[in-house]
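Once you know that position 105 of the sequence shown is 105 in the UniProt record's numbering, the rest is easy, because the numbers rise by one and skip nothing.
C-beta: ideal position from N, C-alpha, C; glycine also.
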Amino acid sequence: MSIEALKGKLPDYAKDLKLNLSGVFNTPNLTPQQAWGTAVASALASRQPDVIRAIVADAGQHLEPAALNGAKAAAAIMGMNNIYYRFVHLSATKDYAQMPARLRMNIIGNPGVDKIDFELWSLAVSAVNGCGMCIESHEHEVVKKGVSKESVQDVIRIASVIHAVAAVIDGENALA
1 MSIEALKGKL
11 PDYAKDLKLN
21 LSGVFNTPNL
31 TPQQAWGTAV
41 ASALASRQPD
51 VIRAIVADAG
61 QHLEPAALNG
71 AKAAAAIMGM
81 NNIYYRFVHL
91 SATKDYAQMP
101 ARLRMNIIGN
111 PGVDKIDFEL
121 WSLAVSAVNG
131 CGMCIESHEH
141 EVVKKGVSKE
151 SVQDVIRIAS
161 VIHAVAAVID
171 GENALA
């Protein structure tokens, strides 16, 4: 499946999503690797099989295997971290913030791709998963390393479009 085929599955009421899905990758603020890696990580975080297949298929034209693997790794590690750190952040018991997580996170230190790209993909997944603590941490890291706020906004824009497309497709599949 391709993104064009995916757009064909979107109903008329989601016309804005079709249009956004067509243009969201064309940004001067992100490299193709950053944009397409964001799309892959966000698709995996969406958990919608058709969206994952379409995004990964089209991303293959824009990503080297190491970058595709890095985007998948960002989705994997943040799937765990977002739950853990969202709990730490939202719990009324503040002692958890002082306790070691005791979770393996080696991929963050050596993701096999540019660290900034991995941080951007982690930020996108954190936005999809709604972890404020992780959003704050990854946004801080990329801005500290010189990434523009416009680039951060584009990453979140991609994540939001991918997630919305996944929600609509899931909804339509449930109604079929």
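Residue i (DSSP reduced to helix, strand or coil)
{"i": "T38", "result": "helix"}
{"i": "G112", "result": "coil"}
{"i": "G146", "result": "coil"}
{"i": "F87", "result": "helix"}
{"i": "G130", "result": "coil"}
{"i": "residue 177", "result": "What is shown of the chain runs 1 to 176, which leaves residue 177 out entirely."}
{"i": "A45", "result": "helix"}
{"i": "R104", "result": "coil"}
{"i": "A167", "result": "helix"}
{"i": "L123", "result": "helix"}
{"i": "H62", "result": "coil"}
{"i": "L68", "result": "helix"}
{"i": "N81", "result": "helix"}
{"i": "A76", "result": "helix"}
{"i": "P32", "result": "helix"}
Residue i: first and last residue of the uninterrupted alpha helix (DSSP H) it sits in
{"i": "S22", "result": "15-23"}
{"i": "P49", "result": "49-59"}
{"i": "L6", "result": "3-9"}
Beta-carbon gap between residue i and residue j smaller than 8 Å
{"i": "residue 177", "j": "T27", "result": "No answer is possible for residue 177: the residues shown for the chain start at 1 and end at 176."}
{"i": "A14", "j": "V168", "result": "yes"}
{"i": "residue 188", "j": "A71", "result": "Shown here, the chain extends from 1 to 176; a query on residue 188 therefore has no answer."}
{"i": "L123", "j": "I135", "result": "yes"}
{"i": "A75", "j": "L44", "result": "yes"}
{"i": "M78", "j": "V125", "result": "yes"}
{"i": "L68", "j": "V165", "result": "no"}
{"i": "A35", "j": "I158", "result": "yes"}
Within-8 Å CB hit, residue i to chain C
{"i": "A39", "result": "Chain labels in this structure do not include chain C; a single protein chain is all it has."}
Next item on the list: Report yes or no: do three or more beta-carbon pairs, one from the region 82-97 and one from the region 52-62, lie closer than 8 Å?
Entry: no
Next item on the list: Take every Cβ of the region 107-123, pair it with every Cβ of the region 141-153, and state whether three or more of those distances are shorter than 8 Å.
Entry: yes
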